[in-house]
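Everything below concerns the one structure shown next.
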Amino acid sequence: MDVGADEFEQSLPLLQELVLGADFVGLDIEFTGLRSCLSRPEQISLFDLPSEWYLKTRQSVQQFTICQIGLSVFSSIEGESNKYVAHSCNFFLFPTTFGILDSEFSFQASSVQFLNQYGFDYNKFLKNGIPYMNEEQEKKIKHNILTGNWKVRSSLDKDQIKVVIDEVTRWLHLAEEGDWMTLPGISGFQAFEVQLVLRQALPDIWTVLRDRGVIVKKVSKQHRWYLENNSCDRESCWKEKILLSARGFSVFFQMLVKAQKPLVGHNMMMDLLHLHEKFFRPLPESYNQFKLNIHNLFPVLIDTKNVTKDIWKELNFPRVSNLSEVYEVLNSDLNPTKNSGPVIIHASKCEKYVETKYPHEAAYDAFLCGSVLLKVAHLLLWRVHGQNFSGPDYPSIRPPILILTVRRWPEVSEQQVYREFQNLCKFDVRRLTRSQFLLLTNKFKDARSILKEYKHHPTLQVTLYRHWRHSPNVNCLLRVCGIVATWALVAFLLGRPSS
Numbered sequence: 001m002d003v004g005a006d007e008f009e010q011s012l013p014l015l016q017e018l019v020l021g022a023d024f025v026g027l028d029i030e031f032t033g034l035r036s037c038l039s040r041p042e043q044i045s046l047f048d049l050p051s052e053w054y055l056k057t058r059q060s061v062q063q064f065t066i067c068q069i070g071l072s073v074f075s076s077i078e079g080e081s082n083k084y085v086a087h088s089c090n091f092f093l094f095p096t097t098f099g100i101l102d103s104e105f106s107f108q109a110s111s112v113q114f115l116n117q118y119g120f121d122y123n124k125f126l127k128n129g130i131p132y133m134n135e136e137q138e139k140k141i142k143h144n145i146l147t148g149n150w151k152v153r154s155s156l157d158k159d160q161i162k163v164v165i166d167e168v169t170r171w172l173h174l175a176e177e178g179d180w181m182t183l184p185g186i187s188g189f190q191a192f193e194v195q196l197v198l199r200q201a202l203p204d205i206w207t208v209l210r211d212r213g214v215i216v217k218k219v220s221k222q223h224r225w226y227l228e229n230n231s232c233d234r235e236s237c238w239k240e241k242i243l244l245s246a247r248g249f250s251v252f253f254q255m256l257v258k259a260q261k262p263l264v265g266h267n268m269m270m271d272l273l274h275l276h277e278k279f280f281r282p283l284p285e286s287y288n289q290f291k292l293n294i295h296n297l298f299p300v301l302i303d304t305k306n307v308t309k310d311i312w313k314e315l316n317f318p319r320v321s322n323l324s325e326v327y328e329v330l331n332s333d334l335n336p337t338k339n340s341g342p343v344i345i346h347a348s349k350c351e352k353y354v355e356t357k358y359p360h361e362a363a364y365d366a367f368l369c370g371s372v373l374l375k376v377a378h379l380l381l382w383r384v385h386g387q388n389f390s391g392p393d394y395p396s397i398r399p400p401i402l403i404l405t406v407r408r409w410p411e412v413s414e415q416q417v418y419r420e421f422q423n424l425c426k427f428d429v430r431r432l433t434r435s436q437f438l439l440l441t442n443k444f445k446d447a448r449s450i451l452k453e454y455k456h457h458p459t460l461q462v463t464l465y466r467h468w469r470h471s472p473n474v475n476c477l478l479r480v481c482g483i484v485a486t487w488a489l490v491a492f493l494l495g496r497p498s499s
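1 is the number of the first residue of the sequence shown in UniProt numbering; add one for each residue after it.
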């Protein structure tokens with residue numbers, strides 16, 4: 001089910017009901033870009049600690065925006081064991097552009113091309129995207145709306161609103177009290193802005209928003225005063241409605257937070273950064289503060305990439321990491337519980353994914369996340385490695401660091417070493433000493449391959465890195481200790497009395 005700005009408000013009660021009754025919620029997000037083109041020292045590296053990765057990625061999150069959020073709400077069916085129903089929804093989002101709020105964001109060509117390849121509808125994103133804002137933006141716009149200190153956001157809007165005012169003014173000269181006219185084709189925030197401007201500029205009119213557009217009615221000043229102070233139409237109440245509409249998807253985000261349901265994603269760290277930045281608060285500089293905030297928002301987070309990583313070896317499944325591939329393996333005959341596992345059905349109006357695959361459509365991927373969790377949970381008890389938002393991170397499980405010792409290749413650079421290995425596999429390279437470099441990959445098989453390939457190489461010797469043996473600091477300390485011990489021994493021998 002696709003939900004845009006036109007359908008969002010009337011969908012909210014149903015969405016709230018679904019989330020409150022859910023066992024857990026699958027999540028996936030699509031962005032206008034992933035990583036900004038940073039200078040080499042700022043590029044993501046496998047050598048990065050989680051806190052370093054966070055600071056580098058934070059810049060990209062601030063530069064790009066969300067174009068689609070997919071949620072798949074999983075609920076167990078009452079009275080039926082091990083059976084679940086999934087309600088899957090795509091939400092097209094677009095940053096709030098109202099009054100003083102006018103966000104800037106970038107597109108990354110590769111990301112646009114990638115989503116376009118999988119049929120992403122950019123018209124729904126650009127023309128019918130649901131607005132959203134974070135708490136800081138909400139405070140600003142709330143203050144400006146409720147105090148009346150707001151402004152039309154662009155010269156284009158000013159021109160459009162000037163045309164509307166001129167049209168209404170000409171009509172007023174001929175209209176009598178009680179007459180009304182319709183301004184068609186005005187919706188969303190533009191409708192609110194038009195009404196605010198007209199009510200401030202013309203004291204003898206009243207406006208009402210209807211499905212067919214903005215209705216303008218000529219009224220007396222006494223009737224206008226009555227309407228402004230009426231319990232349903234007084235200005236403060238009306239402005240609260242404007243604010244509620246301007247918050248858009250952020251209203252549903254708060255519902256999701258209050259529901260405290262487990263949130264399930266796949267390789268979801270980037271998703272969490274965007275959720276924090278776009279709907280909660282700007283990302284803090286402190287990685288630990290970010291983790292604390294996320295833990296308070298969503299106490300239970302389950303990343304299916306981490307969950308499946310630990311059980312894959314035990315079950316002798318083929319090595320995969322892509323979400324679709326993981327789902328296919330769990331649905332294949334390789335899964336011993338394929339026929340006895342949980343039954344998952346799609347809710348009515350959410351049956352798009354019953355027969356057809358839609359990879360990289362947010363709601364489809366969110367559905368896969370939830371399905372993978374249920375199937376893995378049915379296989380065995382599992383434990384999660386990765387980011388721990390309620391405390392210190394768990395120890396990282398990844399391939400060992402290798403050390404390259406270069407002989408007969410003076411003044412060799414990191415870039416030259418990188419090019420030497422790039423045809424065989426991908427390594428991050430970091431200089432340790434003048435003739436030694438650290439190599440790190442994210443695949444165990446690549447580490448084994450390099451160790452085997454360069455075992456007898458005449459100029460490039462690759463071995464496992466041992467801190468006590470290869471660290472310059474440890475070597476320096478050992479040399480100092482050796483010198484001190486030697487001097488102590490010499491002093492002891494020279495100081496001995498002759499017999």
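Cβ coordinates follow ideal geometry from the N, Cα and C atoms, glycine included. Quick caveat: nothing in here was measured; it's all calculated off a predicted structure.
query                                                                                                                                                                  : result
Using only alpha-carbon positions, find the residue among Lys142, Thr57, Gly21, Asp211 that is nearest to Lys258.                                                      : Gly21
For Arg199, collect the residues of the same chain with a Cβ closer than 7 Å to its Cβ; drop the 5 residues on either side in sequence, then sort them by chain order. : Thr207
As an exercise, report each continuous beta strand (DSSP E) stretch of at least 3 residues that is fully enclosed by the region 410-473, in chain order.               : 428-431, 436-440, 460-464
Could you tell me which of Glu30, Glu9, Ala86 sits nearest to His346, measuring between CA atoms?                                                                      : Ala86
Going by beta-carbon coordinates alone, are Trp171 and Ile215 separated by less than 7 Å?                                                                              : no
Taking the alpha-carbon positions, what's the Ser45 to Leu402 distance?                                                                                                : 15 Å
Let me check understanding here. Comparing Cα to Cα, which of Tyr287, Ile294, Glu193, Lys221 lies closest to Ser245?                                                   : Glu193
Are the region 260-267 and the region 107-115 touching, with three or more C-beta to C-beta distances below 8 Å?                                                       : no
Should Phe91 be flagged as near chain C, meaning a C-beta pair shorter than 7 Å?                                                                                       : No chain C is part of this structure, which consists of one protein chain only.
For Cys481, I'd like the list of residues in its chain whose CB is within less than 7 Å of its CB, leaving aside the five on either flank, ordered along the chain.    : none
Quick test of the definition: if touching needs 3 or more C-beta pairs under 8 Å, does the region 3-23 touch the region 121-138?                                       : yes
Which residues share a DSSP beta bridge with Asp102?                                                                                                                   : Thr97
Does the count of Cβ pairs from the region 12-31 and the region 362-372 closer than 8 Å reach three?                                                                   : yes
Provide the residue span of the beta strand (DSSP E) that contains Asp28, from first to last.                                                                          : 24-31
Could you tell me how far apart the beta carbons of Phe64 and Ser106 are, in whole angstroms, since I believe they sit closer than 8 Å?                                : 6 Å
Under three-state DSSP, which class holds Val170?                                                                                                                      : Strictly speaking, residue 170 in this sequence is Arg, with Val absent from that position. Three-state result, Arg170: helix.
Okay, do the region 315-324 and the region 93-101 touch, 3+ Cβ pairs below 8 Å being the bar?                                                                          : no
Considering only the alpha carbon of each residue, which of Ile483, Val412, Gln422, Arg419 lies closest to Arg434?                                                     : Val412
By the DSSP assignment, the alpha helix (DSSP H) with Val219 in it spans what residues?                                                                                : From DSSP, Val219 is part of no alpha helix (DSSP H); its letter is neither H nor E.
Quick one: residues in its chain with C-beta nearer than 6 Å to the C-beta of Phe253, no 5 flanking neighbours on either side, listed in chain order?                  : Phe279
Could you give the distance in angstroms between the alpha-carbon of His223 and the alpha-carbon of Leu202?                                                            : 14 Å
Which two residues bound the contiguous alpha helix (DSSP H) that contains Tyr122?                                                                                     : 122-128
Measure the alpha-carbon distance for Ser72 versus Phe24 and round it to whole angstroms.                                                                              : 9 Å
Using DSSP's beta-bridge definition, name the partner residues of Asp303.                                                                                              : Gly265
Have a look at Gln43 and Tyr54 and give me their C-alpha separation to the nearest angstrom.                                                                           : 12 Å
Quick one: what's Gln68 bridged to in DSSP?                                                                                                                            : Glu30, Phe92
Can you find the residues in the same chain that come closer than 7 Å, C-beta to C-beta, to Gly370, ignoring five residues on each side of it along the sequence?      : Phe24, Gly26, Ser72, Phe74, Ala86, Val264
Leaving out the 5 sequence neighbours to the left and right, which residues in its chain are closer than 6 Å to Tyr418 when beta-carbon positions are compared?        : Val429
For Lys162, which option in Lys140, Val197, Asn306, Glu138 has the closest C-alpha, if you only look at C-alpha atoms?                                                 : Val197
On the DSSP letters alone, give me the boundaries of the alpha helix (DSSP H) that Ile294 sits inside.                                                                 : 287-297
In chain order, what residues of the same chain lie with their CB nearer than 6 Å to the CB of Glu277, ignoring the 5 residues before and after it?                    : Val61, Leu283
What separation, rounded to the nearest whole angstrom, lies between the Cα atoms of Trp382 and Val307?                                                                : Residue placement at Trp382 cannot be trusted, given a pLDDT of 37 that sits under 50; the coordinates are not used to answer.
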